[in-house]
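**Student:**
In UniProt numbering, the protein residues as written are 1 to 56.
#1: When you compare only the Cα positions, how much space is there between residue 32 and residue 4?
#2: Measure from the C-beta of residue 41 to each C-beta in chain C and report whether the shortest distance is under 8 angstroms.
#3: If I measure Cβ to Cβ from residue 9 and keep anything under 7 angstroms in the same chain, skipping five residues before and after, which residues do I get?
#4: Any idea if residue 40 is buried or exposed, counting beta-carbon neighbours within 10 angstroms, 16 or more meaning buried?
#5: Please identify the residue among 43, 12, 46, 21 whose C-alpha is closest to the C-alpha of residue 34.
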């Protein structure tokens with residue numbers, strides 16, 4: 001159970017980093033990029049689907 005939780009945390013961290021990077025590249029401020037990244041992860045967690053964690 002602990003490994004699964006740690007793996008999910010690593011995956012979510014990667015989603016946050018990738019989303020923030022994409023938003024910064026689209027010329028938004030770093031703060032807006034981080035907010036957008038966290039909003040993305042929160043919405044993915046709300047779906048509770050293992051397939052929802054893929055980036056589009």
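Glycine residues also receive a C-beta, built at the ideal position from the N, C-alpha and C atoms.
**Tutor:** A quick look at the data gives this:
#1: 30 angstroms
#2: Absence of chain C from the displayed structure is noted, only one protein chain being present.
#3: By the criterion of a C-beta distance shorter than 7 angstroms, residue 9 is surrounded by no residue of its chain, once the five residues flanking it on both sides are discounted.
#4: buried
#5: It is 21 whose Cα lies nearest to the Cα of residue 34.
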